Structures are given as structure tokens and as C-alpha cells.
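Engineer: Below is a structure I'd like to ask you about.
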Amino acid sequence: MYGKRNTSPGMRLLLPLSGVVALIVSACASIGRPQGGPRDETPPVYLRSNPAPGTTGFTSNKIEATFDENIKLDDILNKVVVSPAQKQQPSIIANGRKLSVELKDTLLPNTTYTLDFSDAIRDLNEGNILDGFALDFSTGDTIDTLRISGMVLQASNLEPAQGMLVGVYDNLSDTAINTLPFLRIAKTNQLGQFTIRNLKPGTYNVFALNDMNRDYHWDRSEDIAFYPMQITPTVEDIIVTDTLRSSTGGDSIATRPGVRYLPNDILFTWFNENYMAQYLKDYSRADSNRIAINFAAPADSLPELTIVNGPNAGRRLDAPDASVLNHSATLDTLDYWIIDPAIIAQDSLLIATRYMRTDTLDQLSWTSDTLRFFLKSSQKAKPASKKKKKADDEAADTLPPEITFMDVKIGGSTQEVNQPLYITMSQPIVSLDPKAWHMEVQEDTVWRKLPSPVLLPDTTGHIMNYRIDYPWEAGTKYRVTVDSASIHTVYGLFNKPIETEISVRKADEYSTLIFNLTNLPDSTDLIVEVLNGQDAPVRSVKAVDGVARIEHMLAGTYYVRAFADVNGDGKWTTGDLNARRLPEDVYYFSKKINLKQNWDVANDWDLNELPVDMQKPNAIKKNKPKTKDRRQSGNRNDDDEEEDDEYGNGYDDMGRPGYDNRNPFDGRSSGRSTGRGGQNSNFRPSVGNARNF
133 MYGKRNTSPG MRLLLPLSGV VALIVSACAS IGRPQGGPRD ETPPVYLRSN PAPGTTGFTS
193 NKIEATFDEN IKLDDILNKV VVSPAQKQQP SIIANGRKLS VELKDTLLPN TTYTLDFSDA
253 IRDLNEGNIL DGFALDFSTG DTIDTLRISG MVLQASNLEP AQGMLVGVYD NLSDTAINTL
313 PFLRIAKTNQ LGQFTIRNLK PGTYNVFALN DMNRDYHWDR SEDIAFYPMQ ITPTVEDIIV
373 TDTLRSSTGG DSIATRPGVR YLPNDILFTW FNENYMAQYL KDYSRADSNR IAINFAAPAD
433 SLPELTIVNG PNAGRRLDAP DASVLNHSAT LDTLDYWIID PAIIAQDSLL IATRYMRTDT
493 LDQLSWTSDT LRFFLKSSQK AKPASKKKKK ADDEAADTLP PEITFMDVKI GGSTQEVNQP
553 LYITMSQPIV SLDPKAWHME VQEDTVWRKL PSPVLLPDTT GHIMNYRIDY PWEAGTKYRV
613 TVDSASIHTV YGLFNKPIET EISVRKADEY STLIFNLTNL PDSTDLIVEV LNGQDAPVRS
673 VKAVDGVARI EHMLAGTYYV RAFADVNGDG KWTTGDLNAR RLPEDVYYFS KKINLKQNWD
733 VANDWDLNEL PVDMQKPNAI KKNKPKTKDR RQSGNRNDDD EEEDDEYGNG YDDMGRPGYD
793 NRNPFDGRSS GRSTGRGGQN SNFRPSVGNA RNF
């Protein structure tokens, strides 16, 4: 857009010709937004390199590659890998159009090297990503050329595994992954796709690993995926068809010979065994009558606590006459409420603690430690001033003593039809009279008495939490009353009279969600979970006779997934590498569910209709690929960028590096099988098995 001219007729008559020319030149030079061509949407193009791809007998530790435009590198520490793995991090620099790599390790003889850049290379101006670019060379007379390709997803939620290490062993021992570094490696791109290149002919075990300490083998706390069968890579000749377009706009078809490397459809789903070393994480004394001890991992036994100082030395703090324990369901969070006044009075407590701890052999064994619990000065009661003490004494002579009551919280603002009524006590209780609890229901304006409710203790070990299971009637009001002094705490406090009205949500505020399921897993329960916008479960049911019916759903936006409950415990179960047990299969319903009040919504759901990587809706997918830098994407919004998922494999059909702008995992198919992929079979395998993308 150019600057605005003054073109009034009077002005034109008074100006000499030179003035007119000067005005025109000035106008054309005015500052404005240039009208450029279309935005650059293509990634950098590889031109040449030293060594050239496939070079043999190369012995230098310096490699260079040139592209058709200026480039930059993104997160090279996590995205770029050299295979075989390097002990020292290579120096990798982008300067203008040139990419320079210097290997710090001594080159091995008669070895094929691969420099895999995954999606680390971008053009400098627009940030377009060159995905899957790799260079190879050999220090010997021959170069290895076989490949294994596939995809890695997170088992529990089907998120693409970005930047995860994938490696192979030709040592087929089950323990190689625990002790030996990978033979050859690759990294997954933003879609979770990977290609392990330059393999020798042979048979391999293949793993995916979140290698936190960069030692190229698995430690039990790290994320892991394994393929349940050994893999023998192969290559086959194919005919490649190209469409050529002439300068006049006409198209013509050309064919040429090419190769296909198999398998090219391996699916890994990574999991974590949730193994955590057991140790004492922290401990504290919240106030004079309570201490807290926290462990780093779930436990199946309690520690032994013995006081070693003061007048109570030798007494067990965990004895029933000394404290009451409130604990988490997994026994890793422990709160001891001290009930003995003599122990409460001690400002400092030294506790000899005997507990289970993970030793250097990764085994649980008993260990002992002395824990020091001190009251902070702010926690100690400050003595009253003489003036205040005198005033308090005078008031005590004329006023009855103030009574301190325990707190009891009953329910919330609205009671859900399908939920228990939850009750929370402020302190551990020593007695509770169930006959002192009364319930009534409102009919018109009259309260009708109901049978006394039954208080049930919390099932997780929280001794101050209770619940009332009751068949609530939608749209109805209930009243719960509790007689005074019917609940007593371990500290002698009791409750004042309680009266609480409970309003149950109306029936027309709810909806029912129904799924008619097909292609269910054989001989296995299927659990269907309703998710919120953060991919977190809010409800779950077990499918019965191919139908999942979720009632009493509130209006809102939801998503749905399911898992095959192989062990029948109602919870998704992770895998176990040593036992070669795969994690339980997970499926996502690919559409968003919008529920309105008083609706019944039914959906047909074929669990195998879409391949695994296409099931999860983008709206709740956290690992979304970006083909550009966000700051350079112009006016494009997040929805536009969510659709940018076409990545090239970095190689043409002859196996040479370059960008072909095609997803290497075409030919997606559905169905299930326990067979291996790459055989043109029509299947969608279970978790960890091969599959066609």
C-alpha cells in the first residue's frame, strides 16, 4: 500500500513538471506494507554434503551438509542422535545454509554411522520444519542399509511420544535392555514416528525408552515400550509412480524403480511400571499433637516408632494409647494424632524409626533412623501478659467457661443423585452414636421421618471421613440432624446440635450417555470412561452386553475413552517389562460429546474403526505437532496448526536424503491381529503389536 497523494486540480496547475515528477517519486517511496508473494510453506531442501550419503571408507570426524536456504536448529540435545550412540555430545552448528557436525568420539572401524536430525532442522525465516533428515556413511568398505520404522504412543492416553529414544539389540538376551547400550538408535518426531536406519541383516529386539540419564539402556523408573516379538528387517523392490506437471499445466505419469524397507508399521505403546525406590521422603510436626511421616513410594507395612528422649523414652509412639493413625490408602502418607498428654507436652521428640527401604541391590530391607521433631516457636503457646491474665481471671469469676466444639461438615451445596453424602470430622473420633443421626424428607411443606442413616467409614484409611449411601430421589430435599454430644473426639471434644438440609439435583438437569459398542476385545471386560476437557476421567462404567450406559451426566462438553480390563480390577493396568506383560489396550472415541440438560444421547462406537494414532481428538491431545515456530506463524491460529501433521520421512524412494512431503506411514488399516506388520495384512493390533499406519 503506497502513501496518499494530493491530487487536487488546482495544485496540479501550479506545479512545474519537475515538481510533479518529484511528487510521484516521493509517493512511490513512502513507507507502506509491501505486496509480497505467497508465504514460504516449504522446508529447506538438501543440496549436497561431505560425505555424500552412502559414502564408504570415510574416516573424518567432521561432516557438512548444504541446503537451499538459511537454516537454524531446534533443541539439538534432545532431537539429534548419532548412531552408534556417542559417549560425548557432538558439536552441531548451523551457519547460513550450512550444517556442520563434529563427532567427539573416535570413529569405529567397519561401522555404518547415521546422523538422524529428526525434526530439528528449520528454515531461518518461516520456521518450516524439515522432518526426518538423516545422513549416513561407513568407515568400512560397505554400508548397511536396512531400516525399521513405526510409531510410539503413550499407552494410557495415546499421546504421540515426542523425542523418545528407540533402539535395537542384536543381543537377544532378555536382560540386555537392563545393562547394555543400544546397538543403533533413533528419536521419534512430533507425531511419534521413528526410523532406525542403517541396520545390518539379522534379528533384533526393539525397544522405546525415555532415557533420562542418557546411558542408552533402561532403568526401572524410566518409561519403556517393548515389541513382543523379534524383528528381522527386509527390503523389497517396488515400482514408484510419479505425477509430473509441465509448464503448460498438463500432467503426465512416470514410473521408476524404488525400494520399500520392512517392517515400516511397528507400533509401540510406552508405559511406566510405576516403580519407585522406597525411602523416607520427609517428616514434620505440624503442631504439638500431630506428626507427619511421608514415604517416597506406596508401602505394604507400617514403620515402628519408639520415643528415645524425655520422660517417655522407651514408649512406642505408634501404640494405641499414644496416638491414632490417619493414613492414605497406599500407606505412604502417615499422620499420627498424639493422644497422650505427656507426649504432647514434650517440645522435642526424638523418634527411633524402623522402616522398609530400598537398598543398593534394589531390594526392600529394614533400616533404622532417628527422627527429630521440634515445635517451632510460632507453634508454642505464648504466655499471657500479667494484665491480660488478670482480666481473664476476673472474667472467669463471672462468666461460664467457653465450650469448644468439634467441627462436622456434612455434604455440599448440591447433592448428586448417584453420589454418597460425605461427612468430614475435624479430629479423630473415639465414639459415635448412630441412633443420634436422623434423616427426614420434605413432602410439600411437611418433613417426614425416614429410617436413621448408616454411617460408613472411608475405605482408604482416612479415619475422619465417613459417607452415607442412600437412594436419593432427584429434585427432593432432605434434612439430616445430629443430636448434641453424640460424637466424641480423642481429645474430649464433642459436637453441638447439627441440622443440615440437602437439596438433590433435579432429574431434568441430567442427561444419559449411551454407547453401542462393536469390535470389543475377546473375553475381556471393557471399561468406558467419560473425560473432561483436560483428558481426565469424571465417570466410568463397565460395558454390559456391548452397551455402556452412563446416567446422571451433567450438561457440558465431554470426551470418551475405553480400556480392556484384562485383570478385571476396574482400573487401567500398566505393563511389566520383566514379566513381558503389555499394558492394557486403550481406545478413544474420536468425536466430542456435547450434552445438554434432559437429553439422552446414543452413539455407535466401533473400537477398531480408526487406527490407534487417529482416534484421540486433537482438542484434548497435548503433544500436538507444529510445522512452524509459533512466533512466526503469522495470523494462523491454533486450530490451523493442529492440522499441520504431514511430515516427510527425510528420504526419497531410493533411500537418499531429502524431503518428499509425504507421511511415511500410509495405507492405514483397521482390525486386530497378533501378527507382525509390513505384510499387507488387514489388522489393527493390540497394544505393543505391529500395525499398519
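With the sequence shown counted from 1, adding 132 to any position gets you the working numbering.
Positions of the beta carbon are idealized from the N, C-alpha and C atoms, including for glycine.
A quick note: this is a predicted structure, and the numbers were derived from the prediction, not measured.
#1: Evaluate contact between the segment 636 to 651 and the segment 547 to 567, counting only Cβ atoms and requiring at least three cross-stretch pairs below 8 Å.
#2: Rounded to whole angstroms, what is the Cα-Cα separation between Phe-339 and Thr-364?
#3: According to the neighbour-count rule (16 or more other Cβ atoms, all chains shown, within 10 Å of its Cβ), is Ser-616 buried or exposed?
#4: As a quick exercise: from Ser-722, Ala-751, Thr-238 and Thr-591, pick the residue whose alpha carbon is nearest that of Pro-743.
#5: Got a sec? Which residues, its chain only, sit under 8 Å from Thr-650 by beta carbon, not counting five neighbours each side?
#6: Whole-angstrom Cβ separation of Leu-412 and Tyr-487, contact assumed at under 8 Å?
#7: Expressed to the nearest angstrom, what Euclidean distance is found between the alpha-carbon atoms of Tyr-690 and Trp-498?
#8: Does DSSP put Val-698 in a helix, in a strand, or in coil?
#9: Skipping 5 residues on each side, what residues in its chain have a beta carbon closer than 7 Å to that of Gln-729?
#10: Out of Phe-647, Ala-451 and Ser-460, state which residue places its alpha-carbon closest to the alpha-carbon of Ile-470.
#11: What does the Cβ neighbour count give for Asp-654, buried or exposed, with the cut at 16 atoms within 10 Å?
#12: What separation, rounded to the nearest whole angstrom, lies between the Cα atoms of Met-416 and Arg-712?
#13: Less than 8 Å between CB atoms is the rule here; does Gly-295 satisfy it with respect to chain C?
#14: Pull the bridge partners of Ile-634 from the DSSP assignment, please.
#15: Can you round the beta-carbon distance between Val-698 and Glu-716 to whole angstroms, since I take them to be within the 8 Å contact cut?
#16: Could you name the residues of the same chain whose beta carbon sits closer than 7 Å to that of Asp-772, not counting the 5 residues immediately before and after it, in chain order?
#17: Please report the distance separating the alpha-carbon of Asn-210 from that of Thr-320.
#18: Within a Cβ cutoff of 7 Å, which residues of the same chain sit near Thr-78, ignoring the five residues on either side of it in sequence?
#19: Can you tell me where the beta strand (DSSP E) holding Ile-595 begins and where it ends?
#20: Looking at C-alpha atoms only, which residue of Asp-251, Ala-266 and Phe-265 is the closest neighbour of Gly-259?
#21: Taking its Cβ as the centre, do 16 or more other Cβ atoms sit within 10 Å of Ala-694, making it buried, or is it exposed?
#22: Between Leu-235 and the rest of its own chain, which residues show a CB-CB distance below 6 Å, the 5 nearest in sequence each way excluded?
#23: Measure from the alpha carbon of Tyr-245 to the alpha carbon of each residue in Leu-449, Arg-316, Asp-355 and Asp-464, then state which is nearest.
#24: In chain order, what residues of the same chain lie with their CB nearer than 7 Å to the CB of Leu-267, ignoring the 5 residues before and after it?
#25: Answer with buried or exposed for Thr-438, where buried requires no fewer than 16 other C-beta atoms within 10 angstroms of its C-beta.
#26: Can you list, in chain order, the residues of its chain whose CB lies under 6 Å from that of Gly-324, leaving out five sequence neighbours each side?
#27: Taking 8 Å as the cut-off, does the segment 570 to 586 touch the segment 555 to 562 (at least 3 CB pairs, one atom from each stretch)?
#28: Cα separation between Ala-568 and Ser-618?
#29: Could you check if Phe-358 is buried or exposed, using at least 16 other CB atoms within 10 Å of its CB as the buried criterion?
#30: Assign Asp-745 to buried or exposed, taking buried as 16 or more other Cβ atoms, counted over all protein chains shown, within 10 Å of its Cβ.
#31: When DSSP labels each residue in this structure, what does Asp-472 get in the three-state scheme?
#32: Can you tell me the Cβ-Cβ gap for Ile-542 and Ile-630, rounded? I've got them flagged as a contact below 8 Å.
#33: Using three-state DSSP, classify Met-538 as helix, strand or coil.
#34: Looking only at DSSP bridge pairs, what is Pro-292 linked to?
#35: Output the boundary residues of the beta strand (DSSP E) element that contains Thr-311.
#36: What are the start and end residues of the alpha helix (DSSP H) that includes Leu-209?
Structural biologist: On the basis of the coordinates in this document:
#1: yes
#2: For this step, residue 339 is matched to residue 207 along the sequence shown. For this step, residue 364 is matched to residue 232 along the sequence shown. So the two alpha carbons sit approximately 14 Å from each other.
#3: Position 484 of the sequence shown, counted from the start, is the residue given in the question as residue 616. Under this definition Ser-616 is an exposed residue.
#4: For the purposes of this step, residue 743 is taken as the residue at position 611 of the sequence shown. If we check each option's Cα against that of Pro-743, Ser-722 comes out closest.
#5: Within the sequence shown, the letter at position 518 stands for residue 650. Excluding sequence neighbours, Thr-650 sits near Gly-678, Asp-736, Trp-737, Asp-738 and Leu-739.
#6: For the purposes of this step, residue 412 is taken as residue 280 along the sequence shown, with counting starting at 1. For the purposes of this step, residue 487 is taken as residue 355 along the sequence shown, with counting starting at 1. Yes, they are in contact, since the Cβ atoms of Leu-412 and Tyr-487 sit about 7 Å apart, within 8 Å.
#7: On the sequence shown, residue 690 is found 558 positions in, with the first residue counted as 1. On the sequence shown, residue 498 is found 366 positions in, with the first residue counted as 1. Between Tyr-690 and Trp-498, the C-alpha separation is close to 47 Å.
#8: Against the sequence shown, residue 698 aligns to sequence position 566. Correct three-state label for Val-698: coil.
#9: Position 597 of the sequence shown, counted from the first residue, corresponds to residue 729. Here the set comprises Asp-640, Glu-641, Ser-643 and Ala-687.
#10: As a position in the sequence shown, residue 470 is number 338, starting the count at 1. Of the candidates Phe-647, Ala-451 and Ser-460, the one whose C-alpha sits nearest the C-alpha of Ile-470 is Ala-451.
#11: As a working note, residue 654 is residue 522 in the sequence shown. Exposed.
#12: Translated into positions along the sequence shown, residue 416 becomes position 284. Translated into positions along the sequence shown, residue 712 becomes position 580. Per the sequence shown, residue 416 should be read as Ser rather than Met. Going by the C-alpha atoms only, they are around 41 Å apart.
#13: Protein chains in the displayed structure number just one, and chain C is not present.
#14: Translated into the one-based positions of the sequence shown, residue 634 becomes position 502. Beta-bridge pairing links Ile-634 to Tyr-610.
#15: One-based indexing of the sequence shown puts residue 698 at position 566. One-based indexing of the sequence shown puts residue 716 at position 584. 5 Å between Cβ atoms; contact.
#16: By 1-based counting over the sequence shown, the position of residue 772 is 640. Caution is warranted here: a pLDDT of 40 is assigned to Asp-772, below 50, making its placement in the model unreliable, and the coordinate value is therefore given only provisionally. There are no such residues.
#17: As a position in the sequence shown, residue 210 is number 78, starting the count at 1. As a position in the sequence shown, residue 320 is number 188, starting the count at 1. Between Asn-210 and Thr-320, the C-alpha separation is close to 10 Å.
#18: It is not possible to answer for residue 78, since the shown part of the chain is limited to 133 through 825.
#19: For the purposes of this step, residue 595 is taken as residue 463 along the sequence shown, with counting starting at 1. Counting along the chain, Ile-595 falls outside any beta strand (DSSP E), and DSSP gives it neither H nor E.
#20: The residue you call residue 259 lines up with position 127 of the sequence shown. That would be Asp-251, whose Cα lies nearest to the Cα of Gly-259.
#21: Walking along the sequence shown from the start, residue 694 turns up at place 562. By the 10 Å Cβ count, Ala-694 comes out buried.
#22: Residue numbering aside, residue 235 sits at position 103 when the sequence shown is read from its first letter. Taken in chain order, the residues that qualify are Asn-193 and Pro-222.
#23: Mapped onto the sequence shown, residue 245 falls at position 113. Comparing Cα-Cα distances from Tyr-245 to each of Leu-449, Arg-316, Asp-355 and Asp-464, the minimum goes to Arg-316.
#24: The residue labelled residue 267 in the question sits at position 135 within the sequence shown. Within the same chain, Leu-267 has close Cβ partners Ser-181, Pro-185, Ile-195, Ala-197, Leu-247 and Pro-789.
#25: As a working mapping, residue 438 is identified with position 306 in the sequence shown. Under this definition Thr-438 is a buried residue.
#26: Mapped onto the sequence shown, residue 324 falls at position 192. Taken in chain order, the residues that qualify are Met-283, Val-284, Leu-285, Pro-292 and Ala-293.
#27: no
#28: Start at 1 with the first residue of the sequence shown, and residue 568 comes out as number 436. Start at 1 with the first residue of the sequence shown, and residue 618 comes out as number 486. Cα-Cα distance, rounded: 6 Å.
#29: As a first step, residue 358 is located in the sequence shown; it is residue number 226 there, counting from the start. By the neighbour-count rule (16 or more Cβ atoms within 10 Å), Phe-358 is buried.
#30: The residue given as residue 745 occupies position 613 in the sequence shown. Buried: at least 16 other Cβ atoms inside 10 Å.
#31: In the sequence shown, counting from the first residue as 1, residue 472 sits at position 340. In the structure shown, Asp-472 sits in coil (DSSP, three-state: anything other than H, G, I, E or B).
#32: Translated into the one-based positions of the sequence shown, residue 542 becomes position 410. Translated into the one-based positions of the sequence shown, residue 630 becomes position 498. Right, the Cβ-Cβ distance comes to about 7 Å (below 8 Å), so this counts as a contact.
#33: Taking the first residue of the sequence shown as 1, we reach residue 538 at position 406. Three-state DSSP puts Met-538 in coil, outside helix and strand.
#34: Start at 1 with the first residue of the sequence shown, and residue 292 comes out as number 160. Looking at the DSSP assignment, Pro-292 forms a beta bridge with Leu-285.
#35: Residue numbering aside, residue 311 sits at position 179 when the sequence shown is read from its first letter. Careful: Thr-311 lies outside any beta strand (DSSP E), inside the alpha helix (DSSP H) at 308 to 311.
#36: Counted from its first residue, the sequence shown places residue 209 at position 77. First-last of the alpha helix (DSSP H) with Leu-209: 208 to 211.
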